[in-house]
Amino acid sequence: MITLLDYGAGNVRSVINAIEKLGETVHVAASGRDIAEAEKLLFPGVGSFGSMMGILREKRFVEPLLAFIKAGRPFFGICLGMQALFEGSDEAPEEKGLGVLPGRVVRFDVDLAVPHMGWNGISVKQPTDLFYGLGGDEKFYFVHSYHVVADDAAVVLTTTDYGYPFVSAVQKGSVQGTQFHPEKSGASGLTLLENFIRKDRTVSIPPKSPDHTRLAKRIIACLDVRSNDQGDLVVTKGDQYDVREGGNVRNLGKPVELAGRYFEEGADEVTFLNITGFRDFPLEDMPMIQVLKETSKHVFVPLTIGGGIRDFTDKNGRSYTALEVAAEYFRSGADKVSIGSDAVYIVEDYLKRGKATGQSAIERISYVYGNQAVVISIDPRRVYVNSPAETDHPTVVTTIPGPEGQGHCWFQCTVKGGREGRDVDAVTLARVCEKLGAGEILLNCIDRDGTNMGFDIELIKAVKQAVTIPVIASSGAGCEAHFAEVFEATDVESALAAGIFHRREVPIGAVKRHLKDSVEIRL
Ligand code: 1PR
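Numbering (our numbering), first residue to last: 3 to 525.
Here's what the structure looks like:
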């Protein structure tokens with residue numbers, strides 16, 4: 003029996019699913035007594051350091067936790083759960099950590115996108131049972147803006163490079179912890195969790211552990227989901243956002259099955275977009291929640307879900323906040339939520355007021371779940387102009403002239419699945435959303451969606467230059483070379499495709515094989 007410490011701030015479902023997949027029972031600790039009686043304790047931390055420590059104190063978990071660790075019983079901390087072991091964090095200087103290990107947690111000071119998000123390697127510094135059965139050259143999934151600086155080198159189990167080497171796992175006696183998420187790290191992560199559970203493994207340094215590691219570019223499979231005219235939830239795919247063919251919604255498969263297939267084929271993440279979320283409220287009719295719950299039982303890579311994340315009042319007058327909708331998605335297995343239409347309205351409001359309200363969905367969700375959990379999905383379309391003077395929006399010089407030969411364009415944001423253009427551009431939207439607390443941009447492109455013409459490099463460059471958070475290039479992938487092109491021509495951290503994967507035209511493995519000699523990827 004594994005006891006899991008859940009302080010209610012995020013997706014612990016995937017940790018539970020991973021442990022259950024390994025044939026163990028999980029008991030969720032609801033009191034200090036549960037901690038005291040635990041055999042093995044797993045502590046997955048999500049959100050921010052300050053809110054985590056505050057809740058641990060409020061629930062009177064700190065004393066039993068310290069007693070558990072002092073007694074030499076097996077403890078495993080994941081992400082913030084590892085950071086909690088140290089003395090404090092710059093994320094919340096007023097809060098003390100558990101202080102079990104000497105050192106502090108600081109923010110990344112790098113010239114790279116923060117959060118550090120994606121699959122990176124580990125350089126193992128001391129013998130351990132944790133990587134038993136692994137070669138040492140595997141990549142694991144990280145998502146964090148802060149990292150540990152340990153005062154005692156003896157507790158550093160692994161380091162990882164992101165601008166500079168940082169501590170990515172610790173070990174002291176029966177206390178172990180990883181900055182990365184084993185529950186989101188595919189088969190390698192499951193092996194690591196199994197090693198913690200079994201505790202009868204040989205201690206060694208894995209043979210292929212590298213001296214330096216590199217963050218991989220991520221390849222993401224996207225599933226646009228909606229009900230068809232028969233009422234079945236299907237994965238569909240549009241051409242420039244039109245998902246109907248001969249009057250019917252295209253049906254490219256079942257969401258749970260397809261997500262499982264992409265996990266097996268090596269997708270680094272899976273994204274679900276509930277594309278009619280702007281009109282169907284996800285908590286009223288729950289099929290997407292069910293899809294997420296089922297998928298997270300067997301897909302152990304990060305899951306993002308978007309569609310319908312906004313404040314809503316149902317027909318009985320009951321009001322829900324966007325935070326409540328997001329919370330339901332997180333509880334059901336999502337690691338990140340993506341906000342589309344509402345982000346446009348939020349930015350319009352911000353631009354009108356000239357300041358943040360502190361109350362928007364982006365601010366509230368990122369405060370509780372951390373900014374890495376908030377993705378902004380942008381659905382832009384080109385608006386051509388003859389010269390920048392014709393518009394107040396930032397323009398680019400384009401090599402693809404407009405219908406009347408215009409040589410400039412700006413990228414207009416749309417809402418309601420591309421149905422309505424608004425007076426906001428994608429560059430401004432991305433910049434404001436980052437300021438409000440978003441952690442990643444999912445950059446679609448209506449002009450390219452479903453065309454197989456390749457990514458819109460001009461759009462991607464313009465948005466990527468405006469932000470310091472990671473950007474996902476989306477829309478238009480037609481062959482392996484398009485992925486190579488987007489990674490060569492821009493600094494995006496990941497690239498997403500839908501149609502070519504659904505139709506089995508280009509498998510994910512083929513994309514990775516094509517990239518492997520020129521781009522760091524997870525094989
Ligand atoms: O506005 O917060 O309710 O969220 C709705 C979400 O649904 C948004 O993220 C929006 O992007 C998405 N969406 C709405 N309508 C459509 C549509 O296609 N009619 N899909 C839609 C957006 C674009 C990508 C697609 C890529 C790659 N889909 O998801 O997967 O373009 O496609 P490709 O590789 O085949 O070219 P809210």
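Note that the Cβ used here is the ideal one computed from N, Cα and C, for glycine as well. It should be emphasised that the depicted structure is a prediction, and the values quoted were computed from it without experimental measurement.
Just reading off the beta strand (DSSP E) that residue i is part of, what are its end residues?
i: Met-119; result: 118–122
i: Arg-15; result: Not the beta strand (DSSP E): Arg-15 falls in the alpha helix (DSSP H), residues 15–23.
i: Gln-414; result: 410–417
i: Val-151; result: 148–152
i: Val-108; result: 105–109
i: Ile-80; result: 77–81
i: Ala-223; result: 220–229
Helix, strand or coil for residue i per DSSP?
i: Glu-41; result: coil
i: Ser-477; result: coil
i: Cys-533; result: Outside the displayed range of the chain (3 to 525) lies residue 533, so it cannot be described from this structure.
i: Tyr-9; result: coil
i: Ser-33; result: coil
i: Asp-427; result: strand
i: Phe-133; result: coil
i: Gly-404; result: coil
i: Gly-188; result: helix
i: Glu-442; result: strand
i: Pro-390; result: helix
i: Ile-4; result: strand
i: Arg-383; result: strand
i: Phe-489; result: helix
i: Val-145; result: strand
i: Val-28; result: strand
Using a Cβ-based criterion (distance less than 7 Å to any ligand heavy atom), does residue i qualify as near the ligand 1PR?
i: Gly-310; result: yes
i: Val-105; result: The amino acid occupying residue 105 in the given sequence is Gly; Val does not appear at that position. Answer for Gly-105: no, Cβ out of range of the ligand 1PR.
i: Gly-222; result: The amino acid at residue 222 is misidentified as Gly; the sequence shows Ile. Not under cutoff, so the answer is no.
i: Asn-446; result: yes
i: Val-508; result: no
i: Gly-501; result: yes
i: Lys-532; result: Residue 532 lies beyond the stretch modelled for the chain, which goes from 3 to 525, so this question has no answer here.
i: Ile-199; result: no
i: Gly-420; result: yes
i: Asp-313; result: no
i: Val-428; result: The amino acid occupying residue 428 in the given sequence is Ala; Val does not appear at that position. No, the ligand 1PR has no heavy atom inside 7 Å of this Cβ.
i: Gly-279; result: yes
i: Ala-328; result: no
i: Ser-379; result: yes
i: Ser-477; result: yes
i: Asp-282; result: no
i: Ile-341; result: yes
Using only the alpha-carbon positions, how far apart do residue i and residue j sit?
i: Ile-459; j: Val-157; result: 44 Å
i: Ala-432; j: Asp-449; result: 19 Å
i: Ala-297; j: Phe-314; result: Here the sequence assigns Thr to residue 297, which means Ala is not the residue at that position. In a straight line, the C-alpha of Thr-297 is about 26 Å away from that of Phe-314.
i: Ser-340; j: Pro-129; result: 40 Å
i: Ala-500; j: Phe-70; result: 47 Å
i: His-395; j: Phe-413; result: 8 Å
i: Ser-368; j: Val-346; result: 17 Å
i: Tyr-352; j: Ala-358; result: 6 Å
i: Phe-198; j: Gly-456; result: 44 Å
i: Val-102; j: Asn-122; result: 26 Å
i: Val-255; j: Tyr-143; result: Note that residue 255 is Gly in the sequence shown, not Val. Looking at the two C-alpha atoms, the distance is approximately 28 Å.
i: Asn-253; j: Asn-230; result: 8 Å
i: Lys-354; j: Ala-475; result: 29 Å
i: Ala-223; j: Val-494; result: 16 Å
i: Glu-140; j: Leu-194; result: 11 Å
i: Arg-62; j: Tyr-9; result: 11 Å
i: Leu-498; j: Leu-445; result: 9 Å
i: Lys-434; j: Ser-125; result: The question names Lys, but residue 434 in the sequence shown is Val. So the alpha carbons of these two residues sit roughly 37 Å apart.
i: Arg-333; j: Ile-402; result: 44 Å
The alpha helix (DSSP H) with residue i in it runs from where to where?
i: Ile-57; result: 51–60
i: Glu-97; result: Looking at the DSSP string, Glu-97 is not in any alpha helix (DSSP H), and its letter there is neither H nor E.
i: Arg-524; result: First-last for Arg-524: undefined, no H or E at that position.
i: His-395; result: Counting along the chain, His-395 falls outside any alpha helix (DSSP H), and DSSP gives it neither H nor E.
i: Ile-510; result: 510–517
i: Ser-496; result: Unbroken run through Ser-496 is the beta strand (DSSP E), 496–499; no alpha helix (DSSP H).
i: Pro-66; result: 64–72
i: Gln-128; result: Per DSSP, Gln-128 belongs to no alpha helix (DSSP H) and is neither H nor E.
i: Val-465; result: 459–468
Between residue i and chain C, is there a C-beta pair that is closer than 8 Å?
i: Gly-249; result: Although the question refers to chain C, the structure presented lacks it and comprises just one protein chain.
At a cut-off of 7 Å, would you count residue i as near the ligand COA, judging by its Cβ distance to the nearest heavy atom?
i: Tyr-243; result: Ligands in the displayed structure: the ligand 1PR; the ligand COA is not one of them.
Query - Those runs of the beta strand (DSSP E) which lie wholly inside the region 234–291 and span at least 3 residues - result: 235–238, 271–276
Query - Length at least 3, wholly inside the region 158–184: the beta strand (DSSP E) runs in chain order - result: 158–164, 166–174, 177–180
Requested in this report: Note down, one range per segment and in chain order, each alpha helix (DSSP H) of at least 4 residues found wholly within the region 287–347.
Outcome: 289–300, 324–333
Requested in this report: Please specify which runs of the alpha helix (DSSP H), each continuous and at least 4 residues long, are wholly inside the region 353–381, giving them in chain order.
Outcome: 363–371
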